[in-house]
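Please read the structure below before turning to the comments.
Residue numbers (the numbering used here), protein chains in the order written: chain A, 18 to 313; chain B, 18 to 313.
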């Protein structure tokens with residue numbers, strides 16, 4: 018259906034471990050067409066991606082918000098690669114390089130959660146600085162400060178910081194294969210299931226799991242506020258669908274701050290404003306930035 | 018001694034609660050003249066500052082790396098102010114505005130530790146991303162990412178995150194008047210003195226204080242690596258003069274990471290490379306950036 022005669026579009030990919038969301042748009046928030054394909058082997062998946070964009074192109078530029086870990090250092094020969102993922106076949110896949118060559122356009126590349134943070138900061142929850150936290154099968158955190166996504170030696174992996182445990186909370190060893198009782202090992206969906214045998218939503222309101230999980234997530238939010246002074250924390254993902262949890266985390270976070278942090282009156286904790294669209298909008302925004310960068 | 022006929026210089030102020038370090042330089046690392054004045058009242062101190070720079074000017078621009086909390090939002094009417102400090106007389110002092118008007122030049126303004134982080138990243142320990150941590154009478158943290166200092170709603174106050182305490186470590190309530198047993202309440206000089214009645218250097222090598230403090234600081238470093246993915250952590254201040262402490266913190270930080278964080282092979286923990294000069298060099302670098310910004 019290569020029948021479009023219109024101007025070139027931005028292309029975006031939200032590259033996940035189970036599915037890739039593809040879209041072309043006039044801007045990050047004006048999507049013209051989108052599709053979803055399953056994540057299989059790199060060869061097959063990237064061939065499908067190339068075919069779909071060729072049918073919907075030409076592209077001005079492509080943005081990829083990818084599952085990780087990824088290499089974000091433009092000076093590294095491995096820039097644009099997925100690095101040491103346990104996902105079979107995908108370790109050391111040059112996803113940005115392969116697609117950039119196949120589609121002959123500049124490529125922007127970042128983590129899925131950094132892309133989502135960028136989209137929420139610009140088009141959703143707002144703020145020139147924002148942390149996007151998703152609490153589901155893992156705990157992913159993307160961070161924007163000074164309107165740029167945060168990366169350095171690597172990229173944010175804040176799901177693997179260690180929350181404080183109370184004196185009477187040392188029975189469960191945690192569920193993270195690397196760190197045991199880090200945030201992800203205590204408050205992700207699988208950790209909750211391993212500890213209490215049910216999802217948080219299925220546990221009755223008075224169950225101590227609600228207090229524990231809200232307490233851990235409040236520490237994560239307090240640490241984000243105290244470390245990078247973000248204006249906005251967006252807190253989403255499956256676990257956050259638990260009724261009352263967002264309010265409990267917000268209340269406990271500000272209690273931890275104890276009216277101390279400068280700028281606290283401008284700090285907020287909110288649900289995602291872009292719903293399921295933050296990832297693909299972020300990918301399209303990465304594309305827009307890559308196009309601008311290539312035309313500086 | 019207003020006798021210089023040379024080209025205008027950069028001016029820098031490291032504004033501390035007990036003393037102000039003033040310098041003029043050809044560049045952030047080429048200081049031509051410097052002095053130190055005690056911090057008294059805002060009126061008297063800023064008059065002294067103005068007089069010294071007038072004698073050593075004219076200035077291209079002025080950079081101020083200040084004790085806090087401070088307002089860093091350029092859009093705020095309180096930009097350039099020290100905000101709600103407990104230091105008598107200094108709350109709501111418009112330090113940047115007053116000095117910019119008096120010296121008729123553009124002003125760059127940031128926290129003392131953000132300034133030091135900028136100088137260490139550029140001229141000292143290196144890295145396009147860096148956390149500067151000083152462990153002394155308090156725990157101050159400045160952060161540079163993407164070659165910019167981090168600020169948002171406020172600025173980093175990472176000394177007030179909560180480290181995990183072990184099951185057998187709940188006897189001491191902590192020494193922070195706001196948070197009790199936050200990092201500063203457990204590992205700053207005054208906290209160590211309050212808990213064990215001596216400085217860490219004066220406690221014998223086998224004393225458990227060494228293990229506790231290294232453990233808390235390792236959590237701080239791991240959290241900085243996992244949150245902002247900095248390449249370099251500079252760990253200085255009086256407490257860090259304790260023999261063996263830097264090595265112990267480094268070892269325990271990487272043990273916490275458990276070979277998981279992407280980019281870990283490029284992450285390092287080092288002593289300050291600029292010694293006592295990081296603050297004033299950072300202030301001069303803020304001046305250089307203010308001059309460039311004013312001339313964009």
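Note that beta-carbon positions come from the ideal geometry of N, C-alpha and C, so glycine has one too. Computed from a predicted structure; not experimentally measured.
First and last residue of the uninterrupted alpha helix (DSSP H) at residue i
i: residue 59(B); result: 59-73
i: residue 42(B); result: It is not in any alpha helix (DSSP H) - residue 42(B) instead sits in the beta strand (DSSP E) that spans 36-44.
i: residue 201(B); result: 200-204
i: residue 132(A); result: 129-140
Helix, strand or coil at residue i [DSSP, three-state]
i: residue 188(A); result: coil
i: residue 106(A); result: coil
i: residue 88(A); result: coil
i: residue 217(B); result: coil
i: residue 111(B); result: coil
i: residue 154(A); result: coil
i: residue 118(A); result: helix
i: residue 170(A); result: coil
i: residue 222(B); result: coil
i: residue 212(B); result: helix
i: residue 176(B); result: helix
i: residue 207(B); result: helix
i: residue 148(B); result: strand
Reference residue i, options the options, closest by Cα
i: residue 182(B); options: 273(B), 232(B), 42(B) and 107(B); result: 232(B)
i: residue 110(B); options: 159(B), 128(B), 60(B) and 152(B); result: 60(B)
i: residue 138(A); options: 179(B), 151(B), 142(B) and 169(B); result: 169(B)
i: residue 205(A); options: 177(A), 73(A) and 121(A); result: 177(A)
i: residue 242(B); options: 256(B), 286(B) and 213(B); result: 286(B)
i: residue 264(A); options: 276(A), 291(A), 280(A) and 230(A); result: 230(A)
i: residue 258(B); options: 292(B), 84(B) and 274(B); result: 292(B)
i: residue 52(A); options: 306(A), 309(A), 294(A) and 311(A); result: 294(A)
i: residue 250(B); options: 159(B), 300(B), 202(B) and 214(B); result: 159(B)
i: residue 129(B); options: 121(B), 117(B), 115(B) and 97(B); result: 97(B)
i: residue 289(A); options: 228(A), 304(A), 147(A) and 215(A); result: 147(A)
i: residue 151(A); options: 171(A), 216(A), 234(A) and 31(A); result: 234(A)
i: residue 248(B); options: 172(A), 261(A), 271(A) and 310(A); result: 172(A)
i: residue 30(A); options: 303(A), 104(A), 310(A) and 209(A); result: 303(A)
i: residue 81(B); options: 88(B), 124(B) and 67(B); result: 124(B)
i: residue 95(B); options: 84(B), 108(B), 39(B) and 226(B); result: 108(B)
i: residue 281(A); options: 260(A), 246(A), 308(A) and 214(A); result: 246(A)
i: residue 105(B); options: 55(B), 164(B), 34(B) and 45(B); result: 34(B)
Distance between residue j and residue i (C-alpha atoms, nearest Å)
i: residue 93(B); j: residue 238(A); result: 25 Å
i: residue 86(B); j: residue 190(B); result: 25 Å
i: residue 297(A); j: residue 174(A); result: 20 Å
i: residue 188(A); j: residue 199(A); result: 14 Å
i: residue 162(B); j: residue 144(B); result: 9 Å
i: residue 268(A); j: residue 223(A); result: 17 Å
i: residue 167(A); j: residue 131(A); result: 8 Å
i: residue 273(B); j: residue 194(A); result: 13 Å
i: residue 62(A); j: residue 112(A); result: 10 Å
i: residue 27(A); j: residue 134(A); result: 19 Å
i: residue 78(A); j: residue 48(B); result: 46 Å
i: residue 76(A); j: residue 305(A); result: 11 Å
i: residue 64(A); j: residue 71(A); result: 10 Å
i: residue 208(A); j: residue 278(B); result: 20 Å
i: residue 157(B); j: residue 203(B); result: 14 Å
i: residue 89(A); j: residue 67(A); result: 22 Å
i: residue 126(A); j: residue 255(A); result: 25 Å
i: residue 253(B); j: residue 260(A); result: 45 Å
i: residue 102(A); j: residue 32(B); result: 47 Å
i: residue 186(A); j: residue 283(A); result: 33 Å
i: residue 100(B); j: residue 55(B); result: 20 Å
Test: residue i CB closer than 8 Å to a CB of chain C
i: residue 145(A); result: Among the chains of the structure shown, chain C does not appear; the protein chains present are A and B.
Extent of the continuous beta strand (DSSP E) run through residue i
i: residue 28(A); result: 26-32
i: residue 56(A); result: Element bounds for residue 56(A): n/a, residue is neither H nor E.
i: residue 78(B); result: 76-83
Going residue by residue through the region 224-309 of chain A, where are the continuous beta strand (DSSP E) segments of at least 3 residues, counting only ones entirely within it?
Note on the region 224-309 of chain A: whole beta strand (DSSP E) runs with a minimum of 3 residues are 249-253 and 285-287, in chain order.
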